[in-house]
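Undergrad: Okay, so the sequence shown: first residue is 103 according to my numbering, each after it adds one.
Think of the CB as a built atom: it goes at the ideal place given N, C-alpha and C, for glycine as much as any other residue.
Take this structure first; my questions come after.
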Amino acid sequence: MKQTKAYERLLRARTSLVLKHPFFASLALRLHLREDSDCHTAWTDGRVFCYNPDYINILSEEKLEGLTAHIVMHPACGHHLRREDREPVMWNRACDYAINWLLLDAGFDLPDGYLYLEEYREVNAEKIYLKLIEELDDEQDGEKDTTDDGEEGERDRQDDDEERSELQEQEGAVTEAAAAAGSDPGMAGEVRDLQHSGKDDISETDWDEALIQAAHNAREMGLLPAGLERLVENTVNPKICWETLLARFIERCARSDYTWMMPNRRYLHQDLYLPSLYNHELDHIVLAIDTSGSIDNRELNQFAAEISAVMAQYPARLYVIYCDADIQGVHILERSDLPITLEPKGGGGTDYRPVFHWVEQERISPACLIYLTDMECLQFPAAEPGYPVLWVTTGNNDQLPPFGEMLKLAL
């Protein structure tokens, strides 16, 4: 592919995002860049980032980074898969309202004409779409109620009807054209439906996984804005069963991460120095079991089965720690000991601190620590440990831990 000025500018915008906004950079690299002179600005369907080179070349570096982040957020939120039978232009506007507040909060400079209303902060695109449709209906109803009675009113009404008919025909033509092309001339970075080809299709869960991994990487660097943290929690978790989320958490702890020590060879010929990926190994995993008596055998057995299934994929040593107010027992298991059986000991009060203290005393550097508990306790360590923690909760307690991620066990 011939590298045009616009293409090179988009690549450099991605490079700039790696250090400033790693969450967006990680997701941007999933989209293939493709020139499309027929579109007015740019668009994505979750597979490609298509752009008009003339439009790209008039944007400043800052606005180009903002456009890249805007494009990325559409598939990250599943907008390319969620339109259904909604009108395309109005759906695009709803999607823009749903994501632009996040981008502004993250410090991006968006292209001119972006859509933003404070009332749509943290509202999903479906609800915004309904609101936009309601407002459009109210405007049309208001126009009908403004006509007067009498001959003059009748003449005015006839004139208004003719004007409105002409206007609706014009608007209908624009809407039909937009629906056919998936385009709105006024939008900078639209979303189009993913057209399934039957092979190499990108599913919703593919982008969910990418969203989780991008958030994890940015969180480790301390560069994940609060709004995006909530997006990952509210958008991904409700759609995925707890077994899948547990498996993905462990997979992330062993998954590839970026390193600048080995440059990405794919971009060296373009004079772009980008990080490459390297793999971690899972050496040790700590599994803590709250034995205060509130976790029943059915929950223990199901959790043990899922842990066994995930652990069978990794050559890790598993430390199973039973703890109520103190350590009641420690079992060290290898992959050859699978499937595991959880047999709690103890049954007193609850204190989470002994488990973390034990890990520190034993000088273990776990890839992660998973704590199965009902969250009926306020005794947490004073400081967050230097390894990932997942709290797997039972019961109906909605208490949030001071650190780590939380997963609700729903059988």
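Could you tell me which residues DSSP pairs with histidine 433 in its beta bridges?
TA: The sequence position of residue 433 within the sequence shown is 331, counting from 1. Bridge partners of histidine 433: Val422.
Undergrad: Comparing C-alpha positions only, which one of Asp140, Pro441, Gly148, Cys179 sits nearest to arginine 332?
TA: Working through the sequence shown from its first residue, we reach residue 332 at position 230. Comparing Cα-Cα distances from arginine 332 to each of Asp140, Pro441, Gly148, Cys179, the minimum goes to Cys179.
Undergrad: I'd like to know if the stretch 443-450 and the stretch 419-433 are in contact, where contact means that at least 3 CB-CB pairs between them fall below 8 Å.
TA: yes
Undergrad: Roughly how many angstroms lie between the CA atoms of phenylalanine 210 and isoleucine 423, to the nearest whole one?
TA: The sequence position of residue 210 within the sequence shown is 108, counting from 1. The sequence position of residue 423 within the sequence shown is 321, counting from 1. Going from the Cα of phenylalanine 210 to the Cα of isoleucine 423 covers about 45 Å.
Undergrad: Within its chain, find whatever has a CB closer than 8 Å to the CB of leucine 119; leave out the 5 residues flanking it on each side and keep chain order.
TA: The sequence position of residue 119 within the sequence shown is 17, counting from 1. Taken in chain order, the residues that qualify are Phe126, Ala127, Ala130, Glu167, Thr170, Ala171.
Undergrad: Please name the residue or residues paired with cysteine 470 in a DSSP beta bridge.
TA: On the sequence shown, residue 470 is found 368 positions in, with the first residue counted as 1. According to DSSP, which records beta bridges pairwise, cysteine 470 is partnered with Ile387.
Undergrad: Can you pull the DSSP bridge partners for threonine 495?
TA: Mapped onto the sequence shown, residue 495 falls at position 393. Answer by DSSP bridge pairing, in chain order: Thr475, Lys510.
Undergrad: Can you name, in chain order, every residue of its own chain whose Cβ lies under 7 Å from the Cβ of arginine 116, other than the five neighbours on each side?
TA: Residue mapping note: residue 116 aligns to position 14 of the sequence shown, counting from 1. Same-chain partners within the cutoff: Ala127, Ala130, Leu131, Thr170.
Undergrad: Which term fits aspartate 308, buried or exposed, when burial requires 16 or more other beta carbons within 10 angstroms of its beta carbon?
TA: Numbered from its first residue, the sequence shown carries residue 308 at position 206. The residue in question, aspartate 308, is exposed, as its Cβ has fewer than 16 Cβ neighbours within 10 Å.
Undergrad: Would you tell me roughly how many angstroms separate the C-alpha atoms of alanine 196 and proline 490, rounded to the nearest one?
TA: The residue you call residue 196 lines up with position 94 of the sequence shown. The residue you call residue 490 lines up with position 388 of the sequence shown. Taking the straight line from one Cα to the other gives about 36 Å.
Undergrad: Given a cut-off of 9 Å, decide if aspartate 392 and cysteine 425 are closer than it, judged by their beta-carbon atoms.
TA: Position 323 of the sequence shown, counted from the start, is the residue given in the question as residue 425. Position 290 of the sequence shown, counted from the start, is the residue given in the question as residue 392. Yes; because the gap between Cβ atoms is below 9 Å, this pair is in contact.
Undergrad: Report buried or exposed for leucine 133, applying the criterion of at least 16 other Cβ atoms within 10 angstroms of its Cβ.
TA: For the purposes of this step, residue 133 is taken as residue 31 along the sequence shown, with counting starting at 1. Buried, by the Cβ-count rule.
Undergrad: What is the rounded straight-line gap between the Cα of serine 467 and the Cα of histidine 386?
TA: To locate residue 467, count along the sequence shown from 1; it is residue 365. To locate residue 386, count along the sequence shown from 1; it is residue 284. Computed Cα separation, rounded: 7 Å.
Undergrad: Helix or strand or just coil, what does DSSP make of proline 287?
TA: As a position in the sequence shown, residue 287 is number 185, starting the count at 1. Note on proline 287: pLDDT 46, under 50, position unreliable in the model; the coordinate value appears next. Here proline 287 sits in coil by DSSP.
Undergrad: Is the CB-CB distance between aspartate 156 and histidine 182 below 9 Å?
TA: Numbered from 1 along the sequence shown, position 54 holds the residue referred to as residue 156. Numbered from 1 along the sequence shown, position 80 holds the residue referred to as residue 182. Taking C-beta atoms as the reference points, aspartate 156 and histidine 182 fail to come closer than 9 Å.
Undergrad: DSSP state of histidine 172, grouped into three classes?
TA: Stepping through the sequence shown from its first residue, residue 172 is reached at position 70. In the structure shown, histidine 172 sits in a helix (DSSP, three-state: H, G or I).
Undergrad: How many angstroms separate the CA atom of alanine 390 from the CA atom of isoleucine 472?
TA: Your numbering for residue 390 matches position 288 in the sequence shown. Your numbering for residue 472 matches position 370 in the sequence shown. Approximately 6 Å between the Cα atoms of the pair.
Undergrad: Between the C-alpha atoms of alanine 200 and glutamate 224, what's the straight-line distance to the nearest angstrom?
TA: Sequence index remark: in the sequence shown, residue 200 carries index 98 (1-based). Sequence index remark: in the sequence shown, residue 224 carries index 122 (1-based). Cα-Cα distance, rounded: 7 Å.
Undergrad: For the alpha helix (DSSP H) holding arginine 195, just list the boundary residues, first then last.
TA: Numbered from its first residue, the sequence shown carries residue 195 at position 93. First-last of the alpha helix (DSSP H) with arginine 195: 190-207.
Undergrad: Measuring only the C-alpha atoms, how far is threonine 475 from isoleucine 442?
TA: Position 373 of the sequence shown holds residue 475. Position 340 of the sequence shown holds residue 442. Those two C-alpha atoms are separated by around 18 Å.
Undergrad: I'd like to check one pair, glutamate 401 with threonine 496: are the Cβ atoms closer than 9 Å?
TA: The residue labelled residue 496 in the question sits at position 394 within the sequence shown. The residue labelled residue 401 in the question sits at position 299 within the sequence shown. It is a contact, given that the beta carbons lie within the stated cut-off.
Undergrad: Cβ of phenylalanine 151 within 9 Å of Cβ of leucine 135?
TA: Position 49 of the sequence shown, counting from 1, holds the residue named residue 151. Position 33 of the sequence shown, counting from 1, holds the residue named residue 135. Against a cut-off of 9 Å, the Cβ pair of leucine 135 and phenylalanine 151 comes out as a contact.
Undergrad: Identify every residue that forms a DSSP beta bridge with aspartate 392.
TA: Mapped onto the sequence shown, residue 392 falls at position 290. Looking at the DSSP assignment, aspartate 392 forms a beta bridge with Cys425.
Undergrad: With a CB to CB cut of under 6 Å and the five nearest residues on each side skipped, what residues in its chain are close to isoleucine 352?
TA: Translated into the one-based positions of the sequence shown, residue 352 becomes position 250. Excluding residues within five positions, the ones whose Cβ falls inside 6 Å are Val412.
Undergrad: Distance, Cα to Cα, asparagine 202 vs glycine 395?
TA: Indexing the sequence shown from 1 puts residue 202 at position 100. Indexing the sequence shown from 1 puts residue 395 at position 293. Their backbone Cα atoms lie some 47 Å apart in a straight line.
Undergrad: Helix, strand or coil: how does DSSP classify arginine 111 here?
TA: Here residue 111 corresponds to residue number 9 of the sequence shown, with the count starting at 1. The answer is helix: DSSP assigns arginine 111 an H, G or I state.
Undergrad: Assuming the contact rule is C-beta atoms closer than 8 Å, glutamate 408 and leucine 348 should be a hit. Round their C-beta distance to whole Å, please.
TA: As a first step, residue 408 must be located in the sequence shown, where it is residue number 306. As a first step, residue 348 must be located in the sequence shown, where it is residue number 246. That belief holds up - the Cβ atoms of glutamate 408 and leucine 348 are roughly 6 Å apart, short of 8 Å.
Undergrad: When you compare only the Cα positions, how much space is there between alanine 484 and arginine 321?
TA: The residue given as residue 484 occupies position 382 in the sequence shown. The residue given as residue 321 occupies position 219 in the sequence shown. Roughly 20 Å between the two C-alpha positions.
Undergrad: Excluding five sequence neighbours on each side, which residues of the same chain lie with their C-beta closer than 8 Å to the C-beta of leucine 205?
TA: Here residue 205 refers to the residue found at position 103 when the sequence shown is read from its first residue. Only Gly168, Ala171, His172, Met175, Leu212 meet the Cβ criterion.
Undergrad: Considering only residues of the stretch 106-151, which uninterrupted beta strand (DSSP E) runs meet the minimum length of 3 residues and lie entirely inside it, listed in chain order?
TA: 134-137, 144-146
Undergrad: Closer than 6 Å by C-beta to lysine 510: which residues in its own chain qualify, once you throw out the five before and the five after it? Chain order, please.
TA: What you label residue 510 is simply residue 408 of the sequence shown in a count that begins at 1. Cβ neighbours of lysine 510 beyond the five flanking positions: Thr495.
Undergrad: In angstroms with no decimal places, state the Cα-to-Cα distance between asparagine 498 and aspartate 140.
TA: Locating residue 498 in the sequence shown gives position 396, where the first residue counts as 1. Locating residue 140 in the sequence shown gives position 38, where the first residue counts as 1. Rounded to whole angstroms, asparagine 498 to aspartate 140 spans 53 Å at the Cα level.
Undergrad: Thinking just about the alpha-carbon of each residue, which of Trp193, Lys229, Cys479 is nearest to the one in leucine 502?
TA: One-based indexing of the sequence shown puts residue 502 at position 400. The candidate whose alpha carbon is nearest that of leucine 502 is Cys479.
Undergrad: Taking 9 Å as the CB-CB limit, is aspartate 198 close to chain B?
TA: Protein chains in the displayed structure number just one, and chain B is not present.
Undergrad: Only counting the same chain, and skipping five residues up and downstream in sequence, which positions put a Cβ closer than 8 Å to that of arginine 419?
TA: Locating residue 419 in the sequence shown gives position 317, where the first residue counts as 1. Result list for arginine 419: Asp385, His386, Ile387, Ile434, Leu435, Glu436, in chain order.
Undergrad: Note down the Cα distance separating glutamate 186 from tyrosine 218, rounded to an integer number of angstroms.
TA: Position 84 of the sequence shown, counted from the first residue, corresponds to residue 186. Position 116 of the sequence shown, counted from the first residue, corresponds to residue 218. Distance between the alpha carbons of glutamate 186 and tyrosine 218: 23 Å.
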